[in-house]
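Protein chains in written order, with our numbering: chain A, 1 to 349; chain B, 1001 to 1349. Even glycine gets a Cβ: it sits at the ideal position worked out from N, Cα and C.
There are 2 protein chains.
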Amino acid sequence: MALEKLARVDQRQSPTVVEIAKRAGCSIATVSRVLNRPETVAIDLRERILRIVDELGYVPNGSARALRSSRSRLIGLIVPTLDSAIFTRMLEGLESRLAPAGASLVYSATGYDLDREIRVVRNLIEKGVDGIVLVGSCHRKETLKLLREHRVRFAVTYALSEDVSIPSMGFDNRSGGALAASYLADLGHKNLAVIAGVTRENDRASGRLEGFLAMAERRGIDRSSIVVVESPYEFSRGRAAAKIILNQNRNVTAIFCGSDVLAVGALRACKDAGLSVPQDISMIGFDNLDIAEYLTPGLTTVDVPARLMGEQAANYFLADQNSLDIHSRVELETRLIVRQSTAPARDRQ
Amino acid sequence: MALEKLARVDQRQSPTVVEIAKRAGCSIATVSRVLNRPETVAIDLRERILRIVDELGYVPNGSARALRSSRSRLIGLIVPTLDSAIFTRMLEGLESRLAPAGASLVYSATGYDLDREIRVVRNLIEKGVDGIVLVGSCHRKETLKLLREHRVRFAVTYALSEDVSIPSMGFDNRSGGALAASYLADLGHKNLAVIAGVTRENDRASGRLEGFLAMAERRGIDRSSIVVVESPYEFSRGRAAAKIILNQNRNVTAIFCGSDVLAVGALRACKDAGLSVPQDISMIGFDNLDIAEYLTPGLTTVDVPARLMGEQAANYFLADQNSLDIHSRVELETRLIVRQSTAPARDRQ
DNA sequence: GGAAACTATGAAAAGGTTTACATAGCCCTG
DNA sequence: CAGGGCTATGTAAACCTTTTCATAGTTTCC
């Protein structure tokens, strides 16, 4: 006699829907229904099943669920890096919305390398994510091809894609840069410098720079007179870049930095050089990191709706794909936060 | 005649292992083998299959793979929050190791709420993660029960669990606190204050505080003379806490903060109060965030091997479970980074 | 009172892999 | 040259759900 057939289901094995059904005296289909659309099951049976689910500590198998329904409740996030804290707020916003809906966030970094982004995307597709949040609208053809061929929804953040068919929750980096230029012009600054992020294959960095230059020009400042340096987003790099600018261009009275991280470094360089901010040099950052308010002097900066972008992206992916009010293009605003690092122009020396 | 049977496989559908096998004229088992243990397949067949895989842009279905093999290549990370940048470095370290191995990181936040942690853990188990990285060794019974019952490997970071059967990659928060106390004693400070994190259900915050107090006592400073305030890890809260301390205890000459975030706020409070650091007040932080070096004055702080913990945790989960050299307890060191925010004691006023 | 329309449930297939087991061909060895 | 041990491949089951379709029972309506 096949004794093993009679052996009780191994207690130590995680229970499945079969075990639940057996105990509730119903079919697995009904158990599944209770778990997914409870209202379709008679109340007493439903409650009996739920009780058993609870008793056994049953947790559905996400892989099986995903395989069958082709929905994993996983959303991928691909950012260049979290090292410089710029994208952390978006990540938090995204997760804060996903979690209550039972969805999870899969995080990946590219290190600002678009080729690595291709591999990252492939990896996320393999994991079966329901959607991918990208930063910026500059990507390899291959990246987009992968996304299209595998029918993975995606959205762009931190920028607004020119192609309106691509969902984006972002802001116009150019206007952000323009905000800074405009304010410096208002203050009477004529000798400007920019420490931009690395603009190559980075539409955010180049947009901010372009917007700044264009507005400066409109305000009567000769574009070619503006000193521009590019620098990776690191404190030390901002410091080094500012040092060069201050040494080589003794008449510069204001510096616009493509990110607050660069600005922190640049502020330090001013101090190193014995220049005071804002008396000698005005400084404007970009991002409005939490720390900006706590620097000395408080950093004037362009606020980026980072958390909001994350939340909006989450909304987009959580919304029923056929829903009527699905916002696939959310245009958010930047605004200038004036603190103590900017003042009216005064000649240096 | 059933024409649809003859219809070519829908090009627009992602190809599966069946399609590959068909084109290569072999069985799906062989395709699977090529993908997982290539060395077991004859070289010419293997290469033919790989070529087809490439041509078709085949991407394996992770859900099916996970379902069958019960390995998802997903590692969960549960931290209180990323808002204060404390845990970001660990996250980056973890991801940087997981990605090359084809594994991905699923991020979740608890907001310092241990009950929410239970739900988060359940959710991650449902997603089928192969392992979970936790922060600290203080958790609800139910959390641990879930992990055990579902046989999910997990590890503790940012602390060393007392229970040696629980893998941990962390450091001793008490020694970290002791480092700070010891250094302040060396400098001759006798009137100390601590702005600790919220110690309730937080072994890291309480460990740091305890270690500080114990060492201070050992160095002849009466424990009861030390002013202790607890505060959530936010710039503004650190500022508020320091303000109270400075107002109510005019003789305090040194403040130890349970995190750099608190220290940034506290530095600001000193400035608000017209006190200079380090001449009037010495300040020590904890974490050694990147920003610490760029504050004015540069912040003396206890360095935490955050990135390393992430990397070590990744190593642990990536290692073959039966491997001999699997390090399930990695004890890392904190060290004091002396900058400009600390100086020998001088009476205030 | 009987057809029509619902409602609650069950049976069974499907989703794409991995893997235990079987097999066929080959090379050795005695 | 029989038989044993390899190696490379194939067959088919299993992983755990969701979902389509069928069915039995109940209500509704003329």
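Three or more beta-carbon pairs under 8 angstroms between the segment 323 to 339 of chain A and the segment 297 to 307 of chain A, yes or no? Touching, per the Cβ criterion.
Interface residues of chain B facing A:E92 [CB-CB closer than 9 angstroms]: Within chain B, the residues T1081, L1082, D1083, A1109 have their CB atoms less than 9 angstroms from the CB of A:E92, given in chain order.
For B:E1117, count neighbouring Cβ atoms within 10 angstroms of its own Cβ and tell me buried if that reaches 16, exposed if not. It is buried - the Cβ of B:E1117 has at least 16 other Cβ atoms within 10 Å.
Coil, strand or helix - B:L1003 by DSSP: Residue confidence for B:L1003 is low, a pLDDT of 32 falling below 50, so the modelled location carries little weight and cannot support an answer.
Cβ pair count under 8 angstroms reaching 3, the segment 43 to 56 of chain A against the segment 88 to 95 of chain A: Contact between the segment 43 to 56 of chain A and the segment 88 to 95 of chain A is absent, with fewer than three C-beta pairs closer than 8 angstroms.
If we require 4 or more residues per run, which alpha helix (DSSP H) segments fall completely within the segment 1067 to 1135 of chain B? Here the runs fully enclosed are 1088 to 1098, 1114 to 1127.
Tell me, to the nearest whole angstrom, how far the beta carbon of B:E1039 is from that of A:A109; I am working on the premise that it is less than 8 angstroms. Taking the Cβ atoms as the reference, B:E1039 lies roughly 31 angstroms from A:A109, outside the contact range of under 8 angstroms.
Alpha carbon to alpha carbon, what distance is there between B:V1018 and B:K1005? Note that B:K1005 has pLDDT 33, beneath the 50 cutoff, so the model's placement of it is unreliable and no number is given.
Short Cβ contact (8 angstroms threshold) for B:I1284 with B:T1342: A contact, by the Cβ cut-off of 8 angstroms.
Hey, would you say the C-beta of A:L147 is under 7 angstroms away from at least one heavy atom of the ligand MN? Ligands displayed in this structure: none; no statement on the ligand MN is therefore possible.
Between A:I125 and B:V1059, is the Cβ-Cβ spacing less than 8 angstroms? Using a Cβ distance threshold of 8 angstroms, A:I125 and B:V1059 count as a contacting pair.
Can you give me the C-alpha to C-alpha distance between B:S1236 and B:G1265, rounded to a whole angstrom? Each residue's alpha carbon lies about 6 angstroms from the other.
Have a look at B:L1275, B:F1171, B:N1123 and flag the residue whose alpha-carbon is nearest the alpha-carbon of B:G1076. Nearest C-alpha to B:G1076: B:N1123.
In DSSP terms, what A:F286 is bridged to: As computed with DSSP, A:F286 is found in a beta bridge with A:V302.
Leaving out the 5 sequence neighbours to the left and right, which residues in its chain are closer than 7 angstroms to B:S1182 when beta-carbon positions are compared? So the qualifying residues of the chain are M1215, R1219.
Taking 8 angstroms as the CB-CB limit, is B:A1352 close to chain A? With chain B covering 1001 to 1349 only, the question about residue 1352 of chain B has no answer from this structure.
CB A:G177 to CB A:G197, shorter than 8 angstroms? Result no, Cβ atoms of A:G177 and A:G197 do not sit closer than 8 angstroms.
List the residues of chain A whose Cβ lies closer than 7 angstroms to the Cβ of B:D1290, in chain order. Ordered by position in chain A, the residues that pass the 7 angstroms Cβ test against B:D1290 are F235.
May I ask you to list, following chain order, the residues of the segment 1114 to 1138 of chain B that have a beta carbon less than 8 angstroms from some beta carbon of chain A? Listed by position, the residues of the segment 1114 to 1138 of chain B near chain A (Cβ gap below 8 angstroms) are V1120, R1122, N1123, L1124, I1125, E1126, K1127, G1128.
Under 7 angstroms Cβ-Cβ, which residues of chain B neighbour A:G62? Ordered by position in chain B, the residues that pass the 7 angstroms Cβ test against A:G62 are E1126, K1127, G1128.
Determine the DSSP secondary structure at B:E1019, reduced to helix, strand or coil. If DSSP states are grouped into helix, strand and coil, B:E1019 belongs with the helices.
Are the C-beta of A:V106 and some C-beta of chain B separated by less than 8 angstroms? At least one CB atom of chain B sits nearer than 8 angstroms to the CB of A:V106.
Residue from A:S276, A:D347, A:G258, A:G188 whose Cα sits closest to the Cα of A:D203: Ranking A:S276, A:D347, A:G258, A:G188 by Cα distance to A:D203 puts A:G258 first.
For chain A, is any of its Cβ atoms less than 8 angstroms away from the one on B:G1265? Chain A, which has a Cβ nearer than 8 angstroms to the Cβ of B:G1265, makes this yes.
Is there contact between the segment 62 to 75 of chain A and the segment 1153 to 1169 of chain B, where contact requires at least three CB pairs shorter than 8 angstroms? Three or more Cβ pairs closer than 8 angstroms define a contact, and the segment 62 to 75 of chain A falls short of that threshold against the segment 1153 to 1169 of chain B.
Which residues does DSSP pair with A:E230 in a beta bridge? A:E230 is bridged by DSSP to A:A196.
Between the CA atoms of A:Q321 and A:S168 - distance to the nearest angstrom: Those two C-alpha atoms are separated by around 15 angstroms.
Could you tell me whether the Cβ atoms of B:A1101 and B:L1318 are closer together than 8 angstroms? Going by beta carbons, B:A1101 and B:L1318 fall inside the 8 angstroms limit.
Closer than 9 angstroms by beta-carbon distance: list the chain B residues that pair up with A:G170, in chain order. Within 9 angstroms Cβ-Cβ: nothing; A:G170 doesn't reach chain B, min ~21 angstroms.
Counting only Cβ pairs nearer than 7 angstroms, list the residues of chain B close to A:R268. The answer, in chain order, is Y1294.
Where does A:V338 sit, in a helix, a strand or coil, going by DSSP? In this structure, A:V338 counts as coil in the three-state DSSP scheme.
Taking only beta carbons into account, state which residues of the segment 217 to 232 of chain A come closer than 8 angstroms to chain B, listed in chain order. Listed by position, the residues of the segment 217 to 232 of chain A near chain B (Cβ gap below 8 angstroms) amount to none.
Thinking C-alpha only, which one of B:A1103, B:S1104, B:G1111 is nearest A:A99? In terms of Cα proximity to A:A99, the closest of B:A1103, B:S1104, B:G1111 is B:G1111.
I need the straight-line Cα distance from A:E95 to B:D1083, nearest angstrom please. Approximately 12 angstroms between the Cα atoms of the pair.
Compare the C-beta of A:V9 with all C-beta atoms of chain B and state if any pair is closer than 8 angstroms. Its pLDDT being 39, under 50, A:V9 is placed unreliably in this model, and the coordinates cannot settle the point.
Could you tell me whether the Cβ atoms of B:T1157 and B:V1121 are closer together than 8 angstroms? The answer is no: Cβ separation not under 8 angstroms.
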